[in-house]
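Undergrad: Each residue of the sequence shown is one higher than the last, beginning at 258 in the working numbering.
Quick one: the structure is below, questions incoming.
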Amino acid sequence: MPEQEHEPVRLPEPWKESLFFDEKKWAKVIMLEEDRDEVKSLGTKQAFQAFEKMINTAANHLHCLENLDTGARIILQLSRVPCNGVRSLPSMSIEYSIKNMVILSGWDGEIRGGDLRDIPIRAILAAYAQHDAEKNISFNRAFLLDFPERKGIPKKYWVEDSDSEGDTVYSPANILDPLPAKYSKRPWFYALVAEQYDALAREHPDANVANLMVELNSDVAPGSVRRWITRARKEGLLPPADWKRG
């Protein structure tokens, strides 16, 4: 999954992300009045720093989208919906709402309600949520597979240019060999489970990957292998079982 960190978000056709400049300018334009009120009670220096921080945060959540069929362009400012409950690792249940939307171009004459209903808002929000959840998965795996010698990760999984302290085994070598079940109490083991799951899914896209892992790790009870997969999902190393990617 490492390459997914840099993949563009997969938006519903015919929409795609469009590059645009001056994100900070647009962040200032669409910043809500209550956001500005937050900094009014601060001293001049603190107010400036707070305002700049808010601008940078807003700019990071701005996305310019283009409809390839009509040329319509919009800017969306997304806001992460808070998740209820306490968890130790990022949840895959990321949800966004739209804080602001700016219509740039592409509509002739007045914009009517039907024009706005033609924008697939729910699908767009779901696409960004899935894209960012995939980045969380990649981050979680990389974090667990950093510093392999210190963590006791077997050398068979190290990539050729890994050094003992400053590198990572993400993505690991020899991932289609049976997994070292004796390390199943180590957190990094479940990153290997997730990597093996993805490797098998790439090679056999129409197969039941859990069954393939049971066959591959035949020295381990099938129920144990399935529990590995379940735990990898709970740890944010695999997406939910009912989550269809791409």
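The beta-carbon is built from N, C-alpha and C at its ideal position, and this holds for glycine as well.
Computed from a predicted structure; not experimentally measured.
For the alpha helix (DSSP H) containing tryptophan 445, list its first residue and its last residue.
TA: 444-460
Undergrad: Let me know if isoleucine 378 comes out buried or exposed under the rule of 16 or more other beta-carbons within 10 Å of its beta-carbon.
TA: exposed
Undergrad: When the Cα atoms are used, what is the spatial distance from serine 441 to threonine 327?
TA: 53 Å
Undergrad: Can you check whether the CB of alanine 383 is closer than 8 Å to the CB of valine 266?
TA: Remark: C-beta atoms of valine 266 and alanine 383 do not approach each other more closely than 8 Å.
Undergrad: Just how far apart, CA to CA, sit leucine 457 and methionine 470?
TA: 8 Å
Undergrad: Can you confirm whether phenylalanine 396, when its beta carbon is compared against all beta carbons of chain B, has any partner nearer than 8 Å?
TA: Of the protein chains in this structure there is only one, and it is not chain B.
Undergrad: Can the beta-carbon of leucine 335 be found less than 8 Å from the beta-carbon of methionine 358?
TA: no
Undergrad: What's the gap between the Cα of lysine 491 and the Cα of tyrosine 454?
TA: Looking at the two C-alpha atoms, the distance is approximately 15 Å.
Undergrad: Which residue's Cα is closest to the Cα of proline 429: Arg443, Ala438, Lys439 and Asp403?
TA: Asp403
Undergrad: With DSSP collapsed to three states, give me the class of valine 471.
TA: Look at valine 471 here: in three-state DSSP terms it is helix.
Undergrad: Could you tell me the distance, in whole angstroms, from the CA atom of valine 482 to the CA atom of tyrosine 353?
TA: 34 Å
Undergrad: Could you check how far apart the C-beta atoms of alanine 380 and proline 269 are, in whole angstroms? I think they sit under 8 Å.
TA: 4 Å
Undergrad: Please state whether DSSP places threonine 327 in a helix, a strand or coil.
TA: coil
Undergrad: Check whether the Cβ atoms of proline 405 and valine 426 sit closer than 8 Å, and answer yes or no.
TA: yes
Undergrad: The alpha helix (DSSP H) spanning glutamate 264 covers which residue range?
TA: Here glutamate 264 belongs to no alpha helix (DSSP H), and DSSP marks it neither H nor E.
Undergrad: Return the first residue and the last residue of the alpha helix (DSSP H) that lysine 392 is part of.
TA: 378-401
Undergrad: Here's a check: name, in chain order, each residue in its chain whose Cβ is nearer than 7 Å to the Cβ of serine 421, leaving out the five neighbours to either side.
TA: Residue confidence for serine 421 is low, a pLDDT of 48 falling below 50, so the modelled location carries little weight; the figure read from the coordinates is stated next. If we look at serine 421 and ignore the five residues flanking it on each side, its Cβ neighbours are Glu406.
Undergrad: Helix, strand or coil for serine 481, going by three-state DSSP, please let me know.
TA: helix
Undergrad: Between which residues of its own chain and lysine 413 is the CB-CB distance below 8 Å, once the five residues before and five after are set aside?
TA: Ala430, Asn431 and Asp434
Undergrad: Give the straight-line distance between the Cα atoms of alanine 315 and lysine 273, rounded to the nearest whole angstrom.
TA: Note on alanine 315: pLDDT 49, under 50, position unreliable in the model; the coordinate value appears next. Distance between the alpha carbons of alanine 315 and lysine 273: 20 Å.
Undergrad: Go to lysine 273, then tell me how far its beta strand (DSSP E) extends in each direction, as first and last residue.
TA: Residues 272-274.
Undergrad: Based on the DSSP output, what are the partners of valine 359 in its beta bridges?
TA: Ile332
Undergrad: In the DSSP assignment, the alpha helix (DSSP H) including aspartate 372 goes from what residue to what residue?
TA: 370-374
Undergrad: Would you identify the three-state DSSP class for tyrosine 427, choosing helix, strand or coil?
TA: coil
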